[in-house]
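First the structure, in the form of structure tokens, and then the observations on it.
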Amino acid sequence: MLDIQFIRDNKELVETKASQKGYPVNLNRLLELDNLIREKIPKLDDILNQRNNLASQISNRPPTQDEINKGRGLKEDAANIDKEINSLKFEFNIELKKVPNMPLEQVPVGQSEDDNQVIKKVGDIKTNDFTPVNHWEIIDALNLIDKKRAAKVAGSRFVYLKGGIVRMQFAIINWVIDKLSDEQFVDSIIKENNLNIVAKPFTLILPPAMVNTNSYQATTRLDAEDVTYKLADDELWMNASAEHSLCNMYQDEIIPESELPLRYLGYATSFRREAGSYGKDTEGIIRLHQFDKLEIEVFSNSESGLDEHRLLVALEEYFINQLNLPYEVMEKCTADIGKPNAKGVDINIWFPGQSKYRETHSADYMTDYQARSTKTRYRDKDGKVRYVHNNDATVFAFSRILAAIMENYQTKEGKIFVPEVIRNYMGGINQL
RNA sequence: GGAGAGGUGGCCGAGUGGUUGAAGGCGCUGCUCUCGAAAAGCAGUAUAUCGGAAACGGUAUCGAGGGUUCGAAUCCCUCCCUCUCCGCCA
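Sequential numbering of the first sequence, starting at 1017, is according to my numbering.
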């Protein structure tokens, strides 16, 4: 949620930026409700004050009939105003949640994802002496996938992945764990990028795959029932991303600033309905109802939030570079960064079998927007309580990164070379 | 799923209807003492919200929500969570 004080002080700015993000809001009703609530609160407080005074006067002797009547009257008055305030607050919260986070100055203004800006392209697109094919043709031929049987058992957009490709997933996981647990490695990336943040390794974490409604909605991303699977009987949602269980970890807590940043490397399975994407990417393993992800979540103070974001992008790039995959880095425009984001970067990897870049990574910087709904705060050096800044980023979304490797590492003979950096993690196998 | 016990401040822990936002202890912060430190002594030490430039004041919060009462941490109801035993399972 956005700070109501900020909205009061910057009505026009908030409306402008909200519509730049594609979340047009009319703040009149919100501010009207805000005023009504703040008019009524002192009135309620006054009645409660009278009630407290009356009770402490009576203390330890039987009350007179007059006092009993007065007390009952005050109770009724308080209940009435309280009821009014609650219904105003209910509507207020609905209106407040409609307001998206404000984009940072540097975020390009745009109308749609077409206005995202490619800020760099890295790696040469190889020219082969053969025509590269789609990853699904390769894995099919190598018998590394079984979609027919998966459809029979679970439905479309599910797969059985088999054999070497599965092993490759675990190899990548172990490689990433080794790197991100290594303080010196993290430090080297920070130094290379001139970031003003501490070298602290990432804590490995396996989060819950399901999240209750309150936590799910506090994330303010992918929080609709047509995106996410919700268990009918319980108030539980399947993670559409580990972000949902990770960003809520410290809800209602006040963290000492000395413990920040908290850097987590989570591994979790994500579940998505993909409603509305019928017919899109039905082949292959680009768009599935279920996929595994190595994902980073960072809680930091407000000063380091942006540099933490830069660190995460740098780490994403490092791993892709090590895999020798051509990619482009894209600064997402206001229309594409998403409701809770202040800034966002996507990385698209080149898929030679499809002759195009496809989105494989995303790094999202939420400033204090998520923390205000998860109530995650820290106590700064002066003892002041402030909201943490959240950062979330993909390290690798499996199936997609496996598809990228398959297309980029395919041989003329229809085999797949194993990228050099992960060979040791695969028992030395160099080809699938 | 069945039976039982319990949830109080950063932590431990007292409190079963009346100035209890909450004793006491630990921790933390400041001051005194000291050349310095330790020890000791003194003082302070929750969050949210409203008003206020601030100092400060009002209100709410003892797992959550509702109820009884002039008055609730204390009584009643519902839910959540934790622990123990049984069952089931990896």
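Backbone N, C-alpha and C fix where the C-beta goes; we use that ideal spot for every residue, glycine too. Because the structure is a prediction, the values reported are computed rather than measured.
Could you pull out every residue in the same chain whose Cβ sits closer than 7 angstroms to the Cβ of Asp1297, ignoring the five residues on either side in sequence? Leaving aside the five residues that flank Asp1297 on each side, the residues in its chain whose CB is nearer than 7 angstroms to its CB run, in chain order, Arg1303.
Does Ala1167 pass the burial test, meaning 16 or more other C-beta atoms within 10 Å, or should it be called exposed? Flag for Ala1167 reads exposed.
With 16 as the cutoff for other CB atoms within 10 Å, does Gln1447 come out buried or exposed? If you draw a 10 Å sphere on the C-beta of Gln1447, you find fewer than 16 other C-beta atoms in it, and that means exposed.
If you follow the alpha helix (DSSP H) that Ala1095 is part of, which residue opens it and which one closes it? The continuous alpha helix (DSSP H) containing Ala1095 extends over residues Gln1081 to Lys1114.
Using 10 angstroms around the beta-carbon of Asp1242, count the other beta-carbons present and answer buried if the total reaches 16, otherwise exposed. In the assembly as shown, Asp1242 is an exposed residue. Its beta-carbon has fewer than 16 other beta-carbons within 10 Å.
Smallest Cα separation from Glu1107: which of Asp1050, Asn1364 and Glu1436? When each option's Cα is compared against that of Glu1107, the closest is Asp1050.
Does the distance from the C-beta atom of Ile1161 to that of Trp1152 stay below 9 angstroms? In this structure, Trp1152 lies closer than 9 angstroms to Ile1161 by Cβ.
Taking all protein chains shown into account, do 16 or more other C-beta atoms lie within 10 angstroms of the C-beta of Asp1362, making it buried, or fewer, making it exposed? Buried, because 16 or more other Cβ atoms sit within 10 Å of the Cβ of Asp1362.
Quick test of your reading: Asn1150 and Gly1300, contact by CB under 8 angstroms. State the CB separation rounded to the nearest angstrom. About 6 angstroms separates the beta carbon of Asn1150 from that of Gly1300, a gap short enough to meet the 8 angstroms contact definition.
Same chain only: Cβ atoms within 7 angstroms of Met1254, ignoring 5 sequence neighbours per side: So the list reads Ala1225, Met1226, Thr1244, Tyr1245 and Phe1287, once near-sequence residues are dropped.
Where Ala1379 falls: helix, strand or coil (DSSP): Strand.
Nearest to Pro1342 (by Cα), restricted to the options Gln1127, Lys1355, Ile1365 and Ile1023: Per the Cα distances, Ile1365.
I'd like the list of long-range same chain contacts for Ala1256, defined as Cβ closer than 7 angstroms, with 5 residues on each side in sequence excluded. These residues qualify, in order along the chain: Leu1238, Val1243, Thr1244, Ser1286, Phe1287 and Arg1288.
Pro1435 versus Gly1180: straight-line alpha-carbon distance, rounded: Within the model, the alpha-carbon separation for Pro1435 versus Gly1180 is close to 13 angstroms.
So what does DSSP say about Thr1410, is it helix, strand or coil? The DSSP-derived three-state label of Thr1410 is strand.
One question on the structure: do Tyr1441 and Phe1186 come within less than 9 angstroms of each other, judged by their Cβ atoms? Closer than 9 angstroms, so yes.
For the putative contact between Pro1356 and Ser1320, defined by C-beta atoms under 8 angstroms, what is the C-beta separation to the nearest angstrom? That pair is no contact at about 18 angstroms.
Could you compute how far the alpha carbon of Val1125 sits from the alpha carbon of Asp1019? Roughly 22 angstroms between the two C-alpha positions.
Rounded to the nearest angstrom, how far is the Cβ of Leu1177 from that of Leu1327, given a contact under 8 angstroms? A Cβ-Cβ distance of about 31 angstroms is found for the pair Leu1177 and Leu1327, leaving them out of contact under the 8 angstroms criterion.
Secondary structure at Leu1281, three-state DSSP: helix, strand or coil? Three-state result, Leu1281: strand.
Would you kindly work out how many angstroms separate the C-alpha atoms of Ala1409 and Val1041, rounded to a whole number? Per the coordinates, the alpha-carbon of Ala1409 lies some 28 angstroms from the alpha-carbon of Val1041.
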